[in-house]
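Notes follow once the structure below has been shown.
There are 2 protein chains.
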Amino acid sequence: MAVTIYDIAREAKVGIGTVSRVLNNSPKVTDGTREKVLSVAKKLNYQPHAFAQALARKRSNTLSAIIPFFTNYFFIEVLQGAQETLVSLGYDLIIHGVNSREQMEEYLSKSLKKGRVDGTLIFSLELSDSVAKEFLEKNIPLVLVDTQHPKFTSISVDNFEGVRIATEHLINLGHKKIGMITANLKSVPAKERLIGFKQVMQKNNLSINDRFILSSSQTKNDGFSREAGYESMKQMLQQNSELPTAIFVSSDIQAIGVLAALREHNISVPHDIALVSFDDIELSKYFGLTTMRQPMYKMGELAVHKAIQLIENPGTVLSSETFTPSLIVRGTCGQNPAYSFPSN
Amino acid sequence: MAVTIYDIAREAKVGIGTVSRVLNNSPKVTDGTREKVLSVAKKLNYQPHAFAQALARKRSNTLSAIIPFFTNYFFIEVLQGAQETLVSLGYDLIIHGVNSREQMEEYLSKSLKKGRVDGTLIFSLELSDSVAKEFLEKNIPLVLVDTQHPKFTSISVDNFEGVRIATEHLINLGHKKIGMITANLKSVPAKERLIGFKQVMQKNNLSINDRFILSSSQTKNDGFSREAGYESMKQMLQQNSELPTAIFVSSDIQAIGVLAALREHNISVPHDIALVSFDDIELSKYFGLTTMRQPMYKMGELAVHKAIQLIENPGTVLSSETFTPSLIVRGTCGQNPAYSFPSN
DNA sequence: TTTTGTTGTGGAAGGGCTTTCAAGAACTTA
DNA sequence: TAAGTTCTTGAAAGCCCTTCCACAACAAAA
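Going line by line, the protein sequences match chains A and B.
First residue of the first sequence? That's 1 in my numbering, and the numbers climb one at a time after it.
First residue of the second sequence? That's 1 in my numbering, and the numbers climb one at a time after it.
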């Protein structure tokens, strides 16, 4: 049986209340008793019992994170950011990986009420109204990462700004005929990136050729997949005799498919066509992709801070923060001649 | 305030004990009362309070997993296996990603005593004696995955068998002059894979040319890195005028480095040199690597089952299970002509 | 000296559950 | 019908903590 505060109280000849006060750094304890208690606690190698504490305090010092497994590298980095901050703040992390929105809802409906966690982080998954309502009703702190909802604090990436930087990079390199390959337009980021692209082109007085703009009809991963990228590029090659000199692709994973399609047609990157994409997943460096990097670690970190702020400060107004992705120049845009493809 | 068993008891006009018994499927309750309680519980949308339960039962239905972040893809897959099994069994998972053994020990020393988890899973990290002692003393169920210790249940991969399959695949393809590039020999898998390789060569009456066998002196990731692979291959190229016709590389990530070095020298894979490696990380398919796949998902799954068995059945003897990796034939071994490199 | 005010302290209550215990209800059996 | 069993049930105790309340001890003010 583990050591309890009763053991300490007996040994130190004080009351359990005093022991608890000492352990919680309450100021109203004499230095003498404090030392006495502390030394006994150390001698007995006391550790507070997490559940008893949680029960009494009505606080568990635990957060849950719901992350889709399929986000892969994003998953790990963001998790790393979240986890390390959490540890430094004395919290634990219950993680729940899911593969779909349905799975998330199922999990939430079961776990939410158990009072096991003080707050929740949801990554990349769109919030359904029913879930949103439940969080609101139960007043459980919730932070959204890489997804948004008007009623909750969220952390996301500025797609418009990212696209602007990417596209202007291409423009500054002298490209005028620029195409875009995006994912399934039902997905919010796919749509935003396309709209952003058109805006930038217009702002720079460049004409938009609709034949150079393709979206995907695939539903698996909303078209953010290698296959989708491959198909889109194939299609562009079929439909056109003349090609753009540069293409902005809405994700790295699609860009890898695009590269494969181009290679099949012996079209050299970046010589014949330059490429810039979005995400900077782990694969990107191996393929030499010039891309827009999302500060994943930072996002995890900030998510935790926001969540804890919400917990410790229930009145906090919801705040949505936006990160600007940064341009990572590698081989596919042609600016960096030292960068061979696939890269070293 | 949440609904408690007291609310149910009052509403259903029974005692709290009865409510608890119904909720825990105790047989000694009449069908009549059972239904009554159940219907009230449903009506009030009751959810048991996890901490109160844990406190009373002295069981938390929670496992903690300690996984090094740097294992990347392994991390995700194995986690997925663990997590999904856990959910199906009604357990929660506290995960703790670490970057080193020191970090792991620090975390353990703090968290172990809190009685927060019923058992622990440790992945890929070698157990120090002090930590081992602590687990033993406190009698906390522990399962080791991808690492071993004589006193604990573990799940690992049969390196010898994996190497045998890989190397004999090369031999069956007609190769006789086979080299090996391994990682830092301080790491157990690196060493085992090398020893295994030599055994297989001998068993097949093939001569081992020491000039074709390289290990890495790098310490970062124990030499399981792209850079290490690149360096090793460079070195082999420098030292030899004649090269082996096939190389077994101790990990995929190194193989990617090897590929880069070979490309620089215009040596074609698999035409001039065939390659087989180990792990089947996510990258592998994009590089068309023929490799030995570890059943990561399965390992996570089994780890959980073993841990829970240990928890629910404290007398269980420790059992160590070994998985045999399976050969994934892609482009780099030359057997699969349809597989271009980098692959489609 | 008495009164008022501080400060430190012990212990009960409470958090929500499981489990034990004793007693009442419902059955047997003679 | 009485005595003896067996079931079912309500309520108390216990899990380990935090926090509130009341009181003791002492210092300062009257």
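Here a beta-carbon is modelled for each residue, glycine too, at the ideal position from N, C-alpha and C.
Chain B partners of K234 of chain A, CB-CB under 8 Å? The residue you call residue 234 of chain A lines up with position 234 of the first sequence. Within 8 Å Cβ-Cβ: nothing; K234 of chain A doesn't reach chain B, min ~11 Å.
If we cut at 8 Å on Cβ distances, does L63 of chain A have a partner in chain B? For this step, residue 63 of chain A is matched to residue 63 along the first sequence. So, not an interface residue.
Could you tell me whether the Cβ atoms of I369 of chain A and F287 of chain A are closer together than 8 Å? Not covered by the structure: residue 369 of chain A. The range shown for chain A is 1 to 344.
Compare the C-beta of A72 of chain B with all C-beta atoms of chain A and state if any pair is closer than 8 Å. Residue 72 of chain B sits at position 72 when you count from the first residue of the second sequence. Note on residue identity: the sequence assigns Asn, not Ala, to residue 72 of chain B. Cβ-Cβ to chain A under 8 Å: yes for N72 of chain B.
Let me know the alpha helix (DSSP H) ranges lying completely inside the region 17-67 of chain A, each 4 residues or longer, listed in chain order. 31-44, 50-57
Can you name the start and end residues of the beta strand (DSSP E) that V401 of chain B belongs to? This structure cannot speak to residue 401 of chain B, because chain B is shown only from 1 to 344.
Can you tell me the Cα-Cα spacing of R193 of chain B and F160 of chain B, whole angstroms? For the purposes of this step, residue 193 of chain B is taken as the residue at position 193 of the second sequence. For the purposes of this step, residue 160 of chain B is taken as the residue at position 160 of the second sequence. Going by the C-alpha atoms only, they are around 6 Å apart.
Rounded to the nearest angstrom, what separates T30 of chain B and V40 of chain B at their Cα positions? Indexing the second sequence from 1 puts residue 30 of chain B at position 30. Indexing the second sequence from 1 puts residue 40 of chain B at position 40. Computed Cα separation, rounded: 16 Å.
Going by beta-carbon coordinates alone, are I273 of chain B and R226 of chain B separated by less than 8 Å? In the second sequence, residue 273 of chain B corresponds to position 273, counting from 1. In the second sequence, residue 226 of chain B corresponds to position 226, counting from 1. No, the pair does not count as a contact, with Cβ atoms beyond the cut-off.
Can you check whether the C-beta of L275 of chain A is within less than 8 Å of a C-beta belonging to chain B? What you label residue 275 of chain A is simply residue 275 of the first sequence in a count that begins at 1. Proximity of L275 of chain A to chain B, defined by a Cβ-Cβ separation below 8 Å, is not satisfied.
Look up V117 of chain A in the DSSP assignment and say whether it is helix, strand or coil. Here the question's residue 117 of chain A lines up with position 117 in the first sequence. Coil, per DSSP.
Please go through the same chain and pick out, in chain order, the residues whose beta-carbon is closer than 6 Å to the beta-carbon of E326 of chain B, but skip the five residues on each side of it. Here residue 326 of chain B refers to the residue found at position 326 of the second sequence. Before going on, a small fix: residue 326 of chain B reads as Ser here, not Glu. These residues qualify, in order along the chain: R293.
For F69 of chain B, decide whether its Cβ has a neighbour in chain A, counting only Cβ atoms nearer than 8 Å. Position 69 of the second sequence holds residue 69 of chain B. Yes, because at least one Cβ of chain A sits closer than 8 Å to the Cβ of F69 of chain B.
So which residues on chain A does H96 of chain B lean against when the C-beta distance must stay under 9 Å? Here residue 96 of chain B refers to the residue found at position 96 of the second sequence. The contacting residues are Q83, V87, D92, L93.
My parser needs the beta strand (DSSP E) runs of 3 or more residues fully inside the region 172-215 of chain B; what are they? As for any beta strand (DSSP E) of minimum length 3 sitting wholly inside the region 172-215 of chain B, the runs are 178-181, ordered along the chain.
Tell me which residues share the same chain as S251 of chain A and place their Cβ nearer than 7 Å to its Cβ, disregarding the 5 neighbours each side in the sequence. Start at 1 with the first residue of the first sequence, and residue 251 of chain A comes out as number 251. The answer, listed in chain order, is A183, F224, S277, F278, D279.
Taking beta-carbon pairs under 8 Å, can you tell me which members of the region 36-53 of chain B lie near chain A? N45, Q47, P48, H49, A50, F51, A52
Apply the 10 Å Cβ neighbour rule to S232 of chain B and answer buried if 16 or more other Cβ atoms are within range, or exposed otherwise. Position 232 of the second sequence, counted from the start, is the residue given in the question as residue 232 of chain B. Buried, since its Cβ has 16 or more Cβ neighbours within 10 Å.
Rounded C-alpha distance that separates K36 of chain B from Q47 of chain B: One-based indexing of the second sequence puts residue 36 of chain B at position 36. One-based indexing of the second sequence puts residue 47 of chain B at position 47. C-alpha separation (whole angstroms): 17 Å.
Report yes or no: do three or more beta-carbon pairs, one from the region 298-316 of chain A and one from the region 67-86 of chain A, lie closer than 8 Å? yes
Under 7 Å Cβ-Cβ, which residues of chain B neighbour L79 of chain A? As a first step, residue 79 of chain A is located in the first sequence; it is residue number 79 there, counting from the start. Neighbours of L79 of chain A on chain B, chain order: G97.
Measuring alpha carbon to alpha carbon, tell me which residue in B:L89, B:N99, B:T153 is nearest T120 of chain B. The residue labelled residue 120 of chain B in the question sits at position 120 within the second sequence. Among B:L89, B:N99, B:T153, the Cα nearest to that of T120 of chain B belongs to B:T153.
Complete alpha helix (DSSP H) runs within the region 216-253 of chain B (minimum length 4 residues, chain order): 226-239
Roughly how many angstroms separate the alpha carbons of K42 of chain A and S111 of chain B, rounded to a whole number? The residue given as residue 42 of chain A occupies position 42 in the first sequence. The residue given as residue 111 of chain B occupies position 111 in the second sequence. Answer to the nearest angstrom: the Cα atoms are 16 Å apart.
Could you tell me which residues DSSP pairs with F278 of chain A in its beta bridges? Start at 1 with the first residue of the first sequence, and residue 278 of chain A comes out as number 278. Paired residues: A:M292.
Going by CA-CA distance only, name the one from A:S156, A:T167, A:S20, A:G179 that's closest to V188 of chain A. Here residue 188 of chain A refers to the residue found at position 188 when the first sequence is read from its first residue. Nearest option by C-alpha distance: A:S156.
Are the CB atoms of I95 of chain A and I67 of chain A within a distance shorter than 8 Å? The residue given as residue 67 of chain A occupies position 67 in the first sequence. The residue given as residue 95 of chain A occupies position 95 in the first sequence. It is a contact, given that the beta carbons lie within the stated cut-off.
Assign Y73 of chain A to buried or exposed, taking buried as 16 or more other Cβ atoms, counted over all protein chains shown, within 10 Å of its Cβ. In the first sequence, residue 73 of chain A corresponds to position 73, counting from 1. Buried, because 16 or more other Cβ atoms sit within 10 Å of the Cβ of Y73 of chain A.
Are the CB atoms of I181 of chain A and L170 of chain A within a distance shorter than 8 Å? Start at 1 with the first residue of the first sequence, and residue 170 of chain A comes out as number 170. Start at 1 with the first residue of the first sequence, and residue 181 of chain A comes out as number 181. For L170 of chain A and I181 of chain A, no; Cβs fall outside 8 Å.
Quick check on H169 of chain A: does DSSP put it in helix, strand or coil? Against the first sequence, residue 169 of chain A aligns to sequence position 169. The answer is helix: DSSP assigns H169 of chain A an H, G or I state.
Determine, using beta carbons only, whether L55 of chain B comes closer than 8 Å to chain A. Position 55 of the second sequence, counted from the first residue, corresponds to residue 55 of chain B. L55 of chain B counts as touching chain A.
Buried or exposed for A56 of chain B, please, with buried defined as at least 16 other CB atoms from any protein chain shown within 10 angstroms of its CB. To locate residue 56 of chain B, count along the second sequence from 1; it is residue 56. A56 of chain B should be labelled exposed.
Indicate whether the contact test is met: 3 or more Cβ pairs, each with one atom in the region 122-131 of chain A and one in the region 139-153 of chain A, closer than 8 Å. yes
On a CA-only basis, which of B:L318, B:F51, B:D7, B:P314 is nearest V117 of chain A? Give me that one, please. By one-based count along the first sequence, residue 117 of chain A stands at place 117. Among B:L318, B:F51, B:D7, B:P314, the Cα nearest to that of V117 of chain A belongs to B:F51.
Find out if the Cβ-Cβ distance for the pair V3 of chain A, L38 of chain A is shorter than 8 Å. Position 3 of the first sequence, counted from the first residue, corresponds to residue 3 of chain A. Position 38 of the first sequence, counted from the first residue, corresponds to residue 38 of chain A. No.
Give the residues from the region 206-235 of chain B that approach chain A closer than 9 Å (Cβ to any Cβ), ordered along the chain. Contact annotation: in the region 206-235 of chain B, residues whose CB is within less than 9 Å of a CB in chain A are R226, Y230.
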